[in-house]
Amino acid sequence: MAVSKSQALGIALLAIFVTVAVSSDPDPLQDFCIGDLTAVPGVNGFPCTNSSTVTVDDFIYSGIVNSSNTTNINRSGAIFGTVLRFPGLNTLGLSIARLDFLPEGIIPPHTHPRASEMVYVEEGSVYAAIVTADNRLFARVMNRGEVMVIPRGLIHWQMNVGTGNAKIIATLNSQLPGIQFIARSMFGSRPEVPDEVLEKTFFLDEAAINQVRSNFV
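According to our numbering, the sequence shown is numbered sequentially starting from 4.
Structure, rendered in structure tokens:
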């Protein structure tokens, strides 16, 4: 059966939509494109630096060699190797992070709106969890050497349940995956989320809302 021009156009548009939908960051169009962080980023990342000035150091990131700062209320810390710190990731659709935990430390519930994630437990025992869009909880304790995949955009967290420190190495399929902490977004936004919204959403009174907000000042 012959395909009309309109049908052909529809098929082409569908193919384009599917390609975009299954991709995180756009595909690179050259071997490498070390990002020029002094320039204004475009849709596909930063403009490339002059390839003649590129050295091997542009492909190496040492930012996660040392542990992150864990002296905070969550007893945890994170160092992200995104394109903003590692320009060699520009156009490659990848980033990396190191998560450090003191005993009982937690990376609070959060999402990455632009990336899926894989977390590898390098040290310790961590209670890792995912909550799906239909409010199903998938969680268990992960031990050294285990890997968990976290689908894009889903709420998740990790908590150290061991007696010593814990460490996770995470990779994400975006050079700039973004991160949004649920509690901070609701109680620490600027300008503030109206009290009435928080009262009706979390069944809290004004005093409780102010108390929670004080943790995010």
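Cβ coordinates follow ideal geometry from the N, Cα and C atoms, glycine included. The model shown is predicted, which means the values in this text are computed figures rather than measured ones.
Query, Result
"May I ask you to list the residues that DSSP assigns as paired with V196?", "Bridge partners of V196: none, in fact."
"Would you call the CB atoms of V144 and Y123 closer than 8 Å?", "no"
"Please confirm whether E125 and I82 have their CB atoms less than 8 Å apart.", "no"
"Which same chain residues, not among the five before or five after F89, have their C-beta less than 6 Å away from its C-beta?", "Y64"
"Looking at C-beta atoms only, is the number of pairs between the stretch 60 to 74 and the stretch 95 to 109 that lie closer than 8 Å three or more?", "yes"
"Does DSSP put F104 in a helix, a strand or coil?", "strand"
"With DSSP as the reference, please indicate the residues paired to L236 in a beta bridge.", "The chain is shown only over 4 to 220; residue 236 falls outside these bounds and no answer can be derived."
"Where R187 and A210 are concerned, what is the direct C-alpha to C-alpha distance, given to the nearest angstrom?", "17 Å"
"In the DSSP assignment, what are the bridge partners of C51?", "G38"
"Can you check DSSP and say which residues form a bridge with H159?", "H113 and I133"
"Quick one: what's N146 bridged to in DSSP?", "S128"
"Where does the unbroken beta strand (DSSP E) through F254 begin, and where does it stop?", "Nothing can be reported for residue 254, as the shown portion of the chain is limited to 4 through 220."
"So L175 and S79 are supposed to be a Cβ contact under 8 Å. How far apart are they, rounded?", "Rounded, the Cβ-Cβ distance is 18 Å, inconsistent with contact."
"Beta-carbon separation of H159 and A132 under 8 Å?", "yes"
"Pull the bridge partners of L140 from the DSSP assignment, please.", "V134"
"Keeping to the same chain, check which residues put their C-beta closer than 6 Å to that of E120; ignore five residues upstream and five downstream.", "I153, A173 and L175"
"Using alpha carbons as the reference points, say which of L157, G148 and N213 lies closest to F184.", "L157"
"Please state whether DSSP places G45 in a helix, a strand or coil.", "strand"
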